[in-house]
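Numbering (the numbering used here), first residue to last: 221 to 660.
Written out below as structure tokens is the structure these notes cover.
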């Protein structure tokens, strides 16, 4: 199946690759294959296929080459290509479709919408499922913990308007195999982010007051939330990233002595920060925690320990705490030289891995790596028609402005052209909260 799809796409776009100039439209549509995620046992994979306006979730058993297909948003919806999806057992996964979260077995059986009946809460509010906060793996009722987006209904000129407060979610629990959705924790009105440990317990939260925020924590579900020392209203701001070391440590991002954001462990028994875990003298390290990103914390599938940290300098980098995966990284970088090679998915025993290998001129290829057999095999090229030799390189540069401030950026020069006396197009980044990075 995979080989036939690639052959078809290569045939469709072969004429484009022979042209001197690549049509602009070829840079405007989504990659046909993306987001490969392994099942916990490493025997199946789920991925997105976006071809001819369709947005499909493919589920494939790697041993039998059989599986299922889910239509996520229908045809001609290129702007919405992609989805959230994750495995909750060897056989079952949860995905976000056009009507909300749903669950299905890898072979297409036992599909159902999550949530079922939404019971009424005090004040007339109802449970409305938002982002998934935690997924229990290999449990009989196959639960997930989700944000509950509070709903308020008001009347305005005889028109009922429903508003969703997504910035202050509560927490609910949903079964993927039975109906119903139960509230776990009601937001007091000031919590913008919940911290859930590896056992699915609500242990902390990020609390907002005006333009300041703090981190609160509790020892047990019956205890009250208390500010952690060093993370209160008047302390320097700290961003919680997740629990590790069997929930004995909270990893956070905070400013170091050089006023750069860096990663620190916080001991929850002694209530104190430990030595800096990862920092860079020229770059802030701010892992994203709410969305998939090239910068982020890599936790073990059971969420009990931190395996590594992805971050950005001039190039994407990775800092491995797990020595075994660090060794795998070195071997991959030797086998696939000159490329950014990222472990993007792994089985529960860390022996089966999905590798995404890319450059500034190549959108990337997905590989399946078996650590026991030391075997690397190709799963799929994300964009089969791409010709790396036709693309211009993206070169990191830096220079000083007139006031002495060091400016970082990237420079691309035309391919096979005289690289002097050229016109210049400047593309600024998206604002102080974002940056450009080295990728296709």
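Backbone N, C-alpha and C define an ideal beta-carbon position, used for all residues, glycine too.
Listed in chain order, the non-local C-beta contacts of residue 502 below 6 angstroms within the same chain number zero, local neighbours out to five positions each way being set aside. In this structure, the straight-line span from the alpha carbon of residue 445 to that of residue 451 is close to 13 angstroms. The segment 482-498 and the segment 460-469 touch, with no fewer than 3 CB-CB distances between them shorter than 8 angstroms. One Cα belongs to residue 448, the other to residue 415, and the distance between them is close to 13 angstroms. When only Cα atoms are considered, residue 262 and residue 305 end up about 16 angstroms apart.
The beta carbons of residue 442 and residue 426 sit no closer together than 7 angstroms.
Between the alpha carbons of residue 476 and residue 290 lies a gap of roughly 46 angstroms. Pairing residue 254 with residue 242 gives a Cβ-Cβ distance that is not under 7 angstroms. Put simply, the backbone Cα of residue 422 is about 10 angstroms away from that of residue 365.
When only Cα atoms are considered, residue 583 and residue 603 end up about 6 angstroms apart.
Judged by DSSP in its simplified three-state form, residue 475 adopts strand. Shown here, residue 528 sits in a strand according to DSSP, grouped into three states. According to the DSSP assignment, residue 276 belongs to the beta strand (DSSP E) that extends over 276-281. By the neighbour-count definition (other C-beta atoms within 10 Å, threshold 16), residue 362 is a buried residue. In the displayed model, residue 406 falls within coil according to three-state DSSP, outside both helix and strand.
In this structure, residue 328 sits away from residue 270, with a CB-CB distance that is not shorter than 7 angstroms. Secondary structure within the segment 559-605: the beta strand (DSSP E) runs of 3 or more consecutive residues, fully enclosed, are 560-566, 572-578, 585-590 and 595-601 (chain order). Residue 541 and residue 643 have their alpha carbons spaced roughly 45 angstroms apart. Contact annotation: the segment 623-634 does not touch the segment 275-289, with fewer than three C-beta pairs closer than 8 angstroms. Here residue 405 has 390, 391, 414 and 422 as same chain residues with Cβ atoms under 8 angstroms from its own Cβ, once five neighbours each way along the sequence are excluded. The Cβ atoms of residue 490 and residue 473 lie no closer than 7 angstroms to each other.
Counting C-beta atoms within 10 angstroms of its own C-beta, residue 535 has fewer than 16 neighbours from the protein chains shown and is therefore classed as exposed. Listed in chain order, the beta strand (DSSP E) elements of length 3 or more contained wholly in the segment 434-492 are 459-464, 469-475 and 481-487. Partner residues in the beta bridge of residue 628, as assigned by DSSP, are 618. Counting only residues of its own chain and dropping the five nearest sequence neighbours on each side, residue 588 has a CB closer than 6 angstroms to the CB of 597 and 599.
Residue state for residue 427 is assigned as strand, using DSSP reduced to three classes. Among the bridge pairs identified by DSSP, residue 540 is matched with 528. Rounded to whole angstroms, the gap between the alpha carbons of residue 574 and residue 591 is 11 angstroms. DSSP links residue 245 through a beta bridge to no other residue.
For residue 268, the enclosing beta strand (DSSP E) has its first and last residue at 264-269.
Residue 354: member of the beta strand (DSSP E) spanning 349-355, first to last residue. Membership of residue 272 in any beta strand (DSSP E) is not indicated, and neither H nor E is assigned to it by DSSP. Look at residue 636 here: in three-state DSSP terms it is coil, with no helix or strand label.
Residue pairing from DSSP places residue 364 in a beta bridge opposite 355 and 394. Residue 261: not part of any beta strand (DSSP E); DSSP gives it neither H nor E.
In the structure shown, the three-state DSSP call for residue 555 is helix.
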